[in-house]
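Q: Chains A and B are the protein sequences, given in the same order. With the numbering used here applied, the first sequence has no gaps in its numbers, which climb one by one up to 387 at the end. With the numbering used here applied, the second sequence has no gaps in its numbers, which climb one by one up to 387 at the end. C-beta: ideal position from N, C-alpha, C; glycine also. Just so it is clear, the structure is predicted and the values come from calculations on it, not from any experiment.
Number of protein chains: 2
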Amino acid sequence: MTNQLTQCFQEMLPAIETEMKVVLQADGRSEDDLFGMMHYHMGWADEQFQPVQIKSGKRIRPVLCLLTCAAAGGDWQQALPAAAAVEILHNFSLIHDDIEDASPTRRGRTTLWQIWGMELAINCGDAMFALAHLALNRLIDRGVDAAIVVQAHRRFGETCVRLTQGQHADMSFEKRDRVSVDEYIEMITGKTAILLSHCAELGALVAGCDDETVVNYATFGRDLGLAFQVIDDILGIWGDEALTGKSAATDITTKKKTLPVLYGLGQDEVLRQLYQQSTANEAFVQQVVERLDQCGARDFATAKASTYSHSANHHLEATNPAGPAALALQQLTAMLLNRDF
Amino acid sequence: MTNQLTQCFQEMLPAIETEMKVVLQADGRSEDDLFGMMHYHMGWADEQFQPVQIKSGKRIRPVLCLLTCAAAGGDWQQALPAAAAVEILHNFSLIHDDIEDASPTRRGRTTLWQIWGMELAINCGDAMFALAHLALNRLIDRGVDAAIVVQAHRRFGETCVRLTQGQHADMSFEKRDRVSVDEYIEMITGKTAILLSHCAELGALVAGCDDETVVNYATFGRDLGLAFQVIDDILGIWGDEALTGKSAATDITTKKKTLPVLYGLGQDEVLRQLYQQSTANEAFVQQVVERLDQCGARDFATAKASTYSHSANHHLEATNPAGPAALALQQLTAMLLNRDF
Chain A
47 MTNQLTQCFQ
57 EMLPAIETEM
67 KVVLQADGRS
77 EDDLFGMMHY
87 HMGWADEQFQ
97 PVQIKSGKRI
107 RPVLCLLTCA
117 AAGGDWQQAL
127 PAAAAVEILH
137 NFSLIHDDIE
147 DASPTRRGRT
157 TLWQIWGMEL
167 AINCGDAMFA
177 LAHLALNRLI
187 DRGVDAAIVV
197 QAHRRFGETC
207 VRLTQGQHAD
217 MSFEKRDRVS
227 VDEYIEMITG
237 KTAILLSHCA
247 ELGALVAGCD
257 DETVVNYATF
267 GRDLGLAFQV
277 IDDILGIWGD
287 EALTGKSAAT
297 DITTKKKTLP
307 VLYGLGQDEV
317 LRQLYQQSTA
327 NEAFVQQVVE
337 RLDQCGARDF
347 ATAKASTYSH
357 SANHHLEATN
367 PAGPAALALQ
377 QLTAMLLNRD
387 F
Chain B
47 MTNQLTQCFQ
57 EMLPAIETEM
67 KVVLQADGRS
77 EDDLFGMMHY
87 HMGWADEQFQ
97 PVQIKSGKRI
107 RPVLCLLTCA
117 AAGGDWQQAL
127 PAAAAVEILH
137 NFSLIHDDIE
147 DASPTRRGRT
157 TLWQIWGMEL
167 AINCGDAMFA
177 LAHLALNRLI
187 DRGVDAAIVV
197 QAHRRFGETC
207 VRLTQGQHAD
217 MSFEKRDRVS
227 VDEYIEMITG
237 KTAILLSHCA
247 ELGALVAGCD
257 DETVVNYATF
267 GRDLGLAFQV
277 IDDILGIWGD
287 EALTGKSAAT
297 DITTKKKTLP
307 VLYGLGQDEV
317 LRQLYQQSTA
327 NEAFVQQVVE
337 RLDQCGARDF
347 ATAKASTYSH
357 SANHHLEATN
367 PAGPAALALQ
377 QLTAMLLNRD
387 F
């Protein structure tokens with residue numbers, strides 16, 4: 047991380063953690079099992095609800111929210127309730143995603159539903175979803191104008207609906223043979239990009255920006271998210287194992303329908319047959335990667351990533367971000383996008 | 047139903063349905079599967095998402111909200127977003143409850159998770175939860191003051207958390223041998239009473255009542271809910287089959303831990319042994335009911351119901367409700383509480 051960004055992270059992370067702990071009653075107020083399960087999920091407690099310190103998530107989303115607020119001329123401390131809200135929302139969605147995907151582990155730890163059962167885990171996610179809304183409501187306690195808080199609640203709720211639409215599409219795609227590139231972009235907009243968009247949007251709303259600036263920040267966040275996801279898709283096939291930590295072509299081994307694959311399936315009949323008939327052994331992986339290269343899937347995805355990346359930077363510039371936070375925001379964008387591919 | 051109440055229901059029900067249909071995009075705006083699942087759950091569509099008219103829920107909660115608003119001197123039409131919000135919230139909770147309880151049917155129809163699978167149903171519930179918050183947010187569009195909308199959002203979120211606490215307790219109690227009467231009352235407060243409390247509270251908030259009146263309405267709703275639940279518990283053991291539609295002593299056959307049973311288990315060692323050892327055959331049911339009568343469980347529960355019922359009426363009177371809505375509110379209370387027991 048570059049200097050300015052590191053400094054912002056160091057300043058903001060403890061404040062975000064404190065705000066979330068107050069909302070999730072991890073400040074000693076609650077010894078309730080239901081809250082204990084949330085504390086476990088957040089990396090603040092072990093299975094016996096005893097305090098632990100575990101590396102839990104990178105908190106990119108709340109930091110994006112606070113940096114946007116500051117770059118837009120606001121006081122980032124005032125946006126802390128919004129930052130806590132998006133991170134709690136993100137964590138709620140992970141609890142339910144893990145159940146829906148039957149994932150046994152998350153960040154190297156056993157998932158909630160594996161320990162306490164699916165029933166209690168669904169309900170724990172619901173509690174956390176409700177608490178995300180309550181986190182946002184605390185904007186009023188920081189002196190944010192009531193009309194802005196109401197607007198923030200509306201956009202937060204609309205974002206939640208988009209998240210569930212993305213998740214619905216993702217689960218539905220697994221059962222379908224053909225998914226178009228446009229449908230895929232719509233799905234990852236809901237699953238990934240919309241929440242990053244909302245982080246920037248909330249920061250701008252709290253800073254009191256005019257509508258045009260708020261929309262520019264929201265578009266910046268969305269295209270940043272889309273670029274990030276498409277780059278992730280490219281790295282999942284052509285990434286350097288040493289850099290990504292994943293084995294090369296891992297998304298081919300799992301037959302995951304990412305952007306390059308979907309593009310390829312739309313172009314190449316041989317590839318379609320391969321995906322329908324073959325088991326995913328080493329020969330399969332080699333053949334698939336070859337055909338993807340030949341049909342231009344890598345070039346297509348790289349061009350897409352580049353378009354989104356440029357659009358993100360363009361919309362960020364259009365907001366005329368100011369001060370050290372602006373620099374940190376540019377550095378965060380660069381860090382998320384300039385990965386090796 | 048008595049005359050005034052019938053008239054209010056006839057006037058309010060179509061308005062509630064219209065408001066909910068706009069929020070849940072059942073007004074022709076969406077042909078999305080995710081929304082189709084919600085329309086099925088609400089009784090507006092069949093499994094193929096074709097429009098149907100099915101008797102779906104009694105809508106007691108939203109009517110309570112609107113009647114409170116009117117009785118407190120407000121315009122009930124202004125409270126429609128709040129009424130829609132509580133009914134959508136209630137319906138969301140049913141989707142997740144049905145998964146958690148593995149219930150195959152609800153209101154005589156196959157449950158959502160049975161048709162579309164547990165994964166999509168969890169996510170559909172989440173969408174509906176988000177939409178309940180968005181329903182509430184529409185108060186601002188009806189001219190309700192922004193500060194009141196923010197306050198409504200806070201109390202709505204806190205109510206959601208209490209609901210999940212009630213559900214957590216309910217699921218946990220099933221695995222425990224002993225549950226105290228106080229723990230049980232706390233659980234049914236979360237599962238049942240808190241939402242009725244919130245219906246009345248929201249109505250009063252929209253009407254612009256002072257804090258004391260809002261608290262009186264909230265307490266009225268809570269104790270109405272507690273009285274209703276305890277009466278339900280009594281009817282589950284001693285109810286007249288012809289009146290309740292359930293077979294007599296149905297809660298004994300299923301070994302359900304309701305208030306009279308928990309009281310009895312706390313008093314009577316023989317009853318404890320019966321519950322631990324015996325299968326629930328006819329002789330078991332007869333023995334249990336005898337011992338419950340002997341140890342005073344029926345009297346205890348009847349006294350509790352009476353206390354909550356009086357408290358509900360007392361707090362309603364303390365608000366000085368006015369006009370035809372006040373009469374309808376009293377009639378609704380009487381209808382819910384004066385059941386045969």
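1) Closest by CA to Met233 (chain B), which one among B:Glu336, B:Asp172, B:Gly254 and B:Arg268?
2) Output needed for Thr296 (chain B): all residues of its chain with C-beta closer than 7 angstroms, excluding positions within five of it in sequence on either side, in chain order.
3) Looking at the structure shown, is Pro367 (chain A) part of a helix, part of a strand, or coil, going by DSSP?
4) Using the three-state DSSP reduction, which class does Asp386 (chain B) fall into: helix, strand or coil?
5) Could you please tell me which residues of the stretch 213-226 of chain A, in chain order, have their CB closer than 8 angstroms to any CB of chain B?
6) Is the shortest distance between the beta-carbon of Ala130 (chain A) and the beta-carbons of chain B less than 9 angstroms?
7) Let me see if you follow: with CB-CB separation under 9 angstroms, is His360 (chain B) close to chain A or not?
8) Taking 9 angstroms as the CB-CB cut-off, is Thr48 (chain A) touching chain B?
9) Spell out whether any CB of chain B is found under 9 angstroms from the CB atom of Arg200 (chain A).
10) Label Glu328 (chain A) either buried or exposed according to how many other C-beta atoms from any shown protein chain fall within 10 Å of its C-beta, with 16 as the threshold for buried.
11) Does the distance from the CB of Asp279 (chain B) to the CB of Thr304 (chain B) come in under 9 angstroms?
12) If we ignore side chains and look at the alpha-carbon of each, how far apart do Ser355 (chain B) and Ile194 (chain B) end up?
13) Does Met66 (chain B) have its Cβ less than 9 angstroms from a Cβ in chain A?
14) Go to Phe95 (chain A), then tell me how far its alpha helix (DSSP H) extends in each direction, as first and last residue.
15) Please give the ranges of any alpha helix (DSSP H) in the stretch 102-180 of chain A, keeping only runs that are unbroken, at least 4 residues long and fully inside the region.
16) What residues from the stretch 156-175 of chain A come within 7 angstroms of chain B, judged by C-beta to C-beta, listed N to C?
17) Assess contact between the stretch 315-326 of chain A and the stretch 243-260 of chain A, defined as three or more Cβ pairs (one per stretch) separated by less than 8 angstroms. Is contact present?
18) Please check if any C-beta of chain B sits within less than 9 angstroms of the C-beta of Cys206 (chain A).
19) Mind checking if Phe387 (chain A) is an interface residue toward chain B, Cβ cutoff 9 angstroms exclusive?
20) What separation, rounded to the nearest whole angstrom, lies between the Cα atoms of Ala116 (chain A) and Trp284 (chain A)?
21) Going by other Cβ atoms of all chains shown within 10 Å of its Cβ, with 16 needed for buried, is Lys237 (chain A) buried or exposed?
22) Glu146 (chain B) touches chain A at which residues, Cβ-Cβ below 9 angstroms?
23) Is the stretch 195-204 of chain B touching the stretch 106-115 of chain B, taking contact as three or more C-beta pairs under 8 angstroms?
24) Determine the direct distance from the alpha carbon of Val227 (chain A) to that of Gly310 (chain A), and round the result to whole angstroms.
25) Check this for me: beta carbons of Thr156 (chain B) and Ile145 (chain B), under 9 angstroms apart or not?
26) What in chain B is Cβ-close to Asp79 (chain A), meaning under 8 angstroms?
27) Short of 7 angstroms in beta carbon distance, which residues of its chain neighbour Val260 (chain A), apart from the five on each side in sequence? Order them along the chain.
28) With burial defined as no fewer than 16 other Cβ atoms inside 10 Å of the residue's Cβ, what is the status of Arg208 (chain B): buried or exposed?
29) CB-CB under 8 angstroms to Leu378 (chain B), same chain, minus the five flanking residues each way: which ones, in chain order?
30) Leaving out five residues before and five after Ala264 (chain A) in sequence, what residues of the same chain have Cβ atoms less than 7 angstroms from its Cβ?
31) Run through DSSP, which three-state label would Asn49 (chain A) get?
32) Decide if Gln213 (chain A) is buried, meaning its Cβ has at least 16 other Cβ atoms within 10 Å, or exposed.
33) State yes or no: is the beta carbon of Ile234 (chain A) nearer than 9 angstroms to at least one beta carbon in chain C?
A: So, from the listed chains and residues:
1) B:Arg268
2) Gly282
3) coil
4) Confidence at Asp386 (chain B) is low in this model, with a pLDDT of 49, below 50, so its placement is unreliable and the value that follows should be read with caution. Looking at Asp386 (chain B) - three-state DSSP - the assignment turns out to be coil, as it is neither helix nor strand.
5) Gln213, His214, Met217 and Ser218
6) no
7) no
8) no
9) yes
10) exposed
11) yes
12) 30 angstroms
13) no
14) From DSSP, Phe95 (chain A) is part of no alpha helix (DSSP H); its letter is neither H nor E.
15) 106-117, 126-146 and 158-162
16) Glu165, Leu166, Ile168, Asn169, Asp172, Ala173 and Phe175
17) no
18) yes
19) Because Phe387 (chain A) carries a pLDDT of 43, less than 50, the predicted location of this residue cannot be relied on, and the following value inherits that uncertainty. Not one chain B Cβ lies under 9 angstroms of Phe387 (chain A).
20) 37 angstroms
21) buried
22) Met164, Glu165, Leu166, Ile168 and Asn169
23) no
24) 10 angstroms
25) no
26) His214 and Ser218
27) Glu247, Ala250 and Leu251
28) buried
29) Leu51, Ile106, Val109, Leu110 and Leu113
30) Ser243, Ala246 and Glu247
31) helix
32) buried
33) This model lacks chain C altogether, as its protein chains are A and B.
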